[in-house]
Amino acid sequence: MNLFGDEDNDIQTEELMKKAYQQEHKETEQDKLLKAPIDLVRQAVKISMMMSGNNVSNFDEKNFKMVSPRFLPVVPEEDDEDDINFLSPSLFALHNDGSGIEKETSLASAMKIFGEKDNAALLNFIMEASGVSDALDNMKMAQMNSTGYIVMNEEQREMIYGPSSPYHDPETYKSLSNASATDIPVMLEKAVRGIAAETMKFKVERRKEIVLSPLIFTPVVLDPATASQPIILSPLLFDPLVLSPAVFGVLVLSPFAFVPNILGPRVLSPVILSPNIWSPLVLTPLCLAPIILNPGVGNPLILSPLALSPFILSPVALNPLILSPFVLNPFIGIPHTLSPIVLSPFVLSPVIYSPPYYSAFFMSPHALSPSIESHGQHFISILSPSWLS
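Residue 390, in my numbering, is where the sequence shown stops; the numbers in between run on with no holes.
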């Protein structure tokens with residue numbers, strides 16, 4: 002006997018909840034009309050499977066695919082026992098995973114006979130033509146917007162932490178290489194919690210600067226780490242840089258001579274108060290690398306595009322720009338002699354207080370690049386139209 006009547010109240014509440022659930026999920030006439038064709042197809046397939054001796058237990062709870070093949074899938078098909086596939090294979094996959102016909106018809110496996118480079122080029126073409134690359138970019142952007150980060154792939158890890166990177170970190174490179182995409186969020190959360198609880202040290206290793214250490218006959222070849230070291234009060238002589246890109250490779254109060262830079266792009270690497278002679282740049286793009294208070298003689302720029310790398314208060318002579326287009330690259334206070342601009346179109350790069358002497362523009366169209374107080378003498382312009390300048 003229940004003196005308080007709680008049991009009756011529980012029963013009534015449960016009945017009310019059941020009625021509410023049934024009312025909420027009650028099918029309307031429109032729902033029944035929409036489901037009728039689907040149910041008809043499912044029942045027909047179920048009967049045919051029963052007649053052929055196949056197991057149809059829990060058939061009504063399984064997903065059913067009929068004549069819905071996947072072409073050029075980028076991820077392997079999930080092997081789900083609750084799915085029934087009828088004439089719905091995965092064909093011409095762009096990966097090496099999967100099983101059965103998906104693996105047998107994989108384009109990635111079939112094209113191994115062409116070699117790694119040709120295989121990668123053909124796969125890239127297929128992915129671009131089919132729009133897969135755009136879809137992946139959108140997925141990565143969505144992940145970035147939701148989590149604030151994306152997981153690097155193998156090529157990106159090699160670029161940032163690999164042996165040829167100026168930020169080479171063997172420990173980080175090894176730990177990230179052994180971690181899967183699902184492990185990264187766990188590792189990140191663990192690191193943040195460790196730093197917050199002060200159980201993990203937050204260490205930032207600074208690269209060593211080269212200070213008061215003259216460098217003579219010290220070529221730098223295939224060594225981005227050395228090329229990216231800041232150089233301060235350290236003259237350079239006969240130190241060519243070849244195939245050595247630089248990031249944050251600041252050069253301050255360090256005159257240099259006979260230091261050619263070949264195939265060594267520089268980013269965020271300003272050169273300040275460092276006079277220089279006979280140090281050409283060949284196939285060496287500059288970005289965010291201003292040249293400030295650096296008089297120079299005999300430093301041609303050949304096939305070296307410039308962006309956001311202004312030349313400021315740096316008189317020059319015999320410094321031609323050849324096949325080196327530039328943008329957002331003003332010249333301010335740069336008197337120049339025998340320094341023509343040849344086959345180098347430029348945009349948004351005004352010339353201010355920079356008079357030319359015995360110089361020329363040759364086949365170098367330019368736009369939005371006015372010349373202000375830069376008249377000079379013996380200057381000619383040949384086949385170099387200008388717009389809004």
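All residues carry an ideal CB built from backbone N, CA and C; glycine is no exception. In this text the structure is predicted, and so the values were computed from the model without any measurement.
Could you spell out where the alpha helix (DSSP H) holding S176 opens and where it closes?
171-178
Got a sec, what are the start and stop residues for the alpha helix (DSSP H) P225 sits in?
225-228
Classification of V212 by the beta-carbon crowding that lies within 10 angstroms, buried from 16 upward
exposed
Reduced DSSP secondary structure (H/G/I, E/B, other) of S350:
coil
With a 10 Å radius around its C-beta and 16 neighbouring C-beta atoms as the bar for buried, classify R194 as buried or exposed.
exposed
Within the continuous beta strand (DSSP E) that includes A361, where are the two ends?
357-363
Suppose you measure from the CA of A308 to the CA of I233; what does that come to, to the nearest Å?
24 Å
Just the C-alpha distance for L319 and G163, rounded to the nearest angstrom, thanks.
39 Å
Between which residues of its own chain and L396 is the CB-CB distance below 7 Å, once the five residues before and five after are set aside?
What is shown of the chain runs 2 to 390, which leaves residue 396 out entirely.
Looking at the strands, I want to know which residues DSSP matches up with Q378.
Y358
List the residues that DSSP assigns as beta-bridge partners of T338.
A318, Y358
Among A45, S107, M188, A247, which one has its Cα closest to the Cα of R71?
S107
Please classify D40 as buried or exposed, where buried requires at least 16 neighbouring CB atoms within 10 angstroms.
exposed
Compare the beta carbon distance of S350 and F327 with 8 Å and say whether it is the shorter of the two.
yes
Under DSSP, the alpha helix (DSSP H) around E156 begins and ends at which residues?
155-162
Distance between beta carbons of V221 and L242, contact taken as under 8 Å:
5 Å
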